[in-house]
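My numbering applies: residue 436 is where the sequence shown begins, and numbers increase by one. Ideal placement from N, C-alpha and C gives every residue a C-beta, glycine not left out. Shown next, in structure tokens, is the structure this report addresses.
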Amino acid sequence: MNGLSLSKKYYEKYAPCLIREFPHLEGKMAFGLVGEGSQCFGFDDEISRDHDFAPGFCIWLSEDDYAASGKSLQAAYAKLPKDFGGFRSSDALITAEGAKRLGVFSVNGFYEQFLGTDTVPEEAFEWLLIPESRLAVCTNGEVFHDPSGLFTDFRSRLLDFYPEDALRKKLAARAAVMSQSGQYNLLRSIKRRDITGASLAAARFAEATLSMMHLLNRRYTPFYKWAFHSAMKLEHLAQCCPLLEKIWEVPHMISDGKMHEAYELAFNITESICTAVAEELNRQNFSRGKSAFLQDHLNDIMSGIKDPKIASLPPMADIEG
């Protein structure tokens, strides 16, 4: 049983107890599991259970209801059984951060802790100020029950994804980094027999590629540890994942003195991935260029940006670095 399934069963067992104890909140409480932790993404395994893993769920209230009843509801939630489904919530294993992942929240307060704002961004530039991983965290998991729709409405507007201008800017930044790190600097590092430089270039290329893949699937890229795991499940460009796995052979080849093999492998991997990305950019009408060198697509991507503030930014500029 993974954490999300455990959470839902725990909710089904004990949420009715809270509803009976707080009848004035019936129809006003939203229940689910959303936020930080691999279980919220459905990526958890046995290793994940050594910290911040416990039976439990989230409850979201309006600002007014939270101010009036949040503390008493949290106290009642804290009294729910710690043992459930063969698992136990152990205080010794819950970090200070993990202890804040379950229980009672206000809707706006929950989103503000991740977004830095308690409202959905209105301007495209505002979206660029929020890291993708933060957006991924507050739109993952599952909402079990939300009769008022307050929590789900906020969530749905985030899941509508970036405005066109913000998306184009991010795509341009990823294309620029992919071409610079993978199609250019990785190959030059191999020629110099620079293992560290090649490793860093490969890592930067992989990270930018994973973000590009998520962006072209209208999905927010999760925390780097889970980005590859998430990418394997994407509808478009998932074929790039096996290629990314092979790129880590390059530094070992350099170390073994196999320079020709290292160069050929790095070239084939980066060229194959960038070709696939270029074709997807074409298919989604972000670019008309046919070149496999992603730097050549920047003008097409950027030319579609209407916001002058975003259009004036350098292609590589982005909050994700």
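Spatial distance of residue i from residue j (CA atoms)
i	j	result
Ala489	Ala571	21 Å
Val712	Leu537	39 Å
Tyr631	Lys660	Correcting the residue identity first, residue 631 is Thr in this sequence and not Tyr. Rounded to whole angstroms, Thr631 to Lys660 spans 21 Å at the Cα level.
Ile494	Phe549	17 Å
Phe589	His695	53 Å
Ala531	Asn437	At Ala531 the pLDDT is 47, less than 50, meaning the model places this residue with poor confidence; the figure from the coordinates comes in the next sentence. C-alpha separation (whole angstroms): 22 Å.
Gly434	Ala638	For residue 434 there is no data in the structure shown, the boundaries of the chain being 436 and 756.
Asn543	Gly692	56 Å
Lys443	Phe540	18 Å
Arg623	Ala701	11 Å
Pro657	Ser665	8 Å
Val603	Leu635	The identity of residue 603 in the sequence shown is Arg, whereas the question assumes Val. One C-alpha to the other measures close to 26 Å.
Tyr619	Glu699	13 Å
Cys452	Ala511	9 Å
Ala450	Glu481	26 Å
Asp526	Ser707	For Asp526, the predicted model reports a pLDDT of 46, less than 50, meaning its position is unreliable and no value from the coordinates is stated.
Residue j beta carbon less than 9 Å from that of residue i
i	j	result
Leu716	His732	yes
Thr574	Leu606	no
Phe457	Ser497	no
Asp499	Leu460	no
Phe466	His580	yes
Lys517	Arg523	yes
Gln719	Leu651	yes
Tyr655	Ser591	no
Gly576	Cys475	yes
Ile682	Ile704	yes
Ala503	Asp600	no
Leu669	Thr644	no
Gly477	Leu441	no
Phe545	Phe596	no
Cβ neighbours of residue i in the same chain (closer than 7 Å, five flanking residues each side left out)
i	result
Ile689	Ile625, Arg628, Ile630, Ala633 and Ala697
Pro598	Ala559 and Trp562
Tyr445	Pro490, Gly491, Phe492 and Phe519
Glu547	Asp553
Val509	It should be noted that the sequence gives Gln, not Val, for residue 509. The residues are Gly538 and Val539.
Neighbourhood of residue i by C-beta distance below 6 Å, restricted to the same chain and skipping five residues each side
i	result
Gly710	The question names Gly, but residue 710 in the sequence shown is Thr. Hits under 6 Å: Ala727.
Ser583	Lys463
Gln615	none
Pro556	Trp562
His649	Thr656
Ser722	Leu716, His732, Asp735 and Ile736
Own chain, CB closer than 8 Å to residue i, minus 5 neighbours either side, in chain order
i	result
Lys725	Ala713 and Asn717
Residue i, enclosing beta strand (DSSP E) - first and last residue
i	result
Cys493	Cys493 to Leu496
Gly538	Gly538 to Ser541
Phe466	Ala465 to Leu468
Range of the contiguous alpha helix (DSSP H) that encloses residue i
i	result
Glu577	That residue, Glu577, is in no alpha helix (DSSP H); its beta strand (DSSP E) goes Glu577 to His580.
Ala701	Met694 to Arg718
Pro516	Unbroken run through Pro516: none, as it is neither H nor E.
Phe658	Note, Phe658: premise wrong, no alpha helix (DSSP H); not H, not E.
Asp731	Unbroken run through Asp731: none, as it is neither H nor E.
Glu456	Gly438 to Glu456
Val555	Element bounds for Val555: n/a, residue is neither H nor E.
Cys676	Cys675 to Lys681
Ser568	Glu567 to Val572
Gly632	Ile630 to Leu651
Glu561	Ala559 to Leu563
Ala489	That residue, Ala489, is in no alpha helix (DSSP H); it is neither H nor E in DSSP.
Gln474	Ser473 to Phe476
Exercise for the section: Flag this pair as touching only if the segment 601-610 and the segment 668-686 have three or more C-beta atom pairs under 8 Å; answer yes or no. Expected result: no
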